[in-house]
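FYI, in UniProt numbering the residues of the sequence shown are 1 to 175.
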Amino acid sequence: GAAVSHESPAAVDHHQDSRSRRGPSQRYRRERESAYRGLDQREVLRLLIEHEYEASKMRKTLYMVFSKLEAEIQRSAEAESQVQAYIKRLKELNAEKLNVERESHTLEAELTLYKIQYDLAQKEIVKTRDTVLALQTQLDAAENDARKARGDARKVKEALEIWKAREEGRRQGFE
């Protein structure tokens, strides 16, 4: 039987074209024919299949390597583009830095004033937080007292219901 190729007809044609253009030399061909001449058809077929399989594996590996190469080239181009963008941004930031340094003397006085206002606001926040904590403590205590009172009221109500039931039982027992 003939070996069946798993490649598309276009791929087979391409490979045959490339073989005919750069196929083995006459000397190599004679050496290989001499080496295979003593083999029977089954052995030649087995070797052909193994060679095709190895060639297919190599081709797949080569395609994978080329894919990785293309991805690395793309990644490199993107990195180069990013570097250029970073350089441009660095120049912009340097110009902005010079402008900020010119304005900094004026802003230092304003900053001192803002610091004073901030400190006063922080003190007010601490004072308000203490008040809120005190109110929360009072609220928690009131909620605990209310919870306890509800529990006590429930117990009293249950005891009253039991007492009423006993009284009703006694009353009916006397009648």
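Ideal Cβ placement from N, Cα and C applies to all residues, glycine included.
I'd like to check one pair, residue j with residue i: are the Cβ atoms closer than 9 Å?
i: PRO24; j: ARG32; result: yes
Going by the C-beta, is residue i closer than 8 Å to any heavy atom of the ligand MN?
i: TYR53; result: This structure simply doesn't include the ligand MN, nor any ligand for that matter.
Open item on the list: Restricting to runs no shorter than 4 residues, where is the alpha helix (DSSP H) found entirely within the stretch 24 to 79?
Closed with: As summarised for the stretch 24 to 79, the continuous alpha helix (DSSP H) elements at least 4 residues long and confined to that stretch are 26 to 36, given in chain order.
- [ ] Enumerate, from N- to C-terminal direction, the unbroken beta strand (DSSP E) stretches of 3 or more residues contained entirely within the stretch 93 to 129.
- [x] Fully enclosed beta strand (DSSP E) runs of no fewer than 3 residues are not present anywhere in the stretch 93 to 129.
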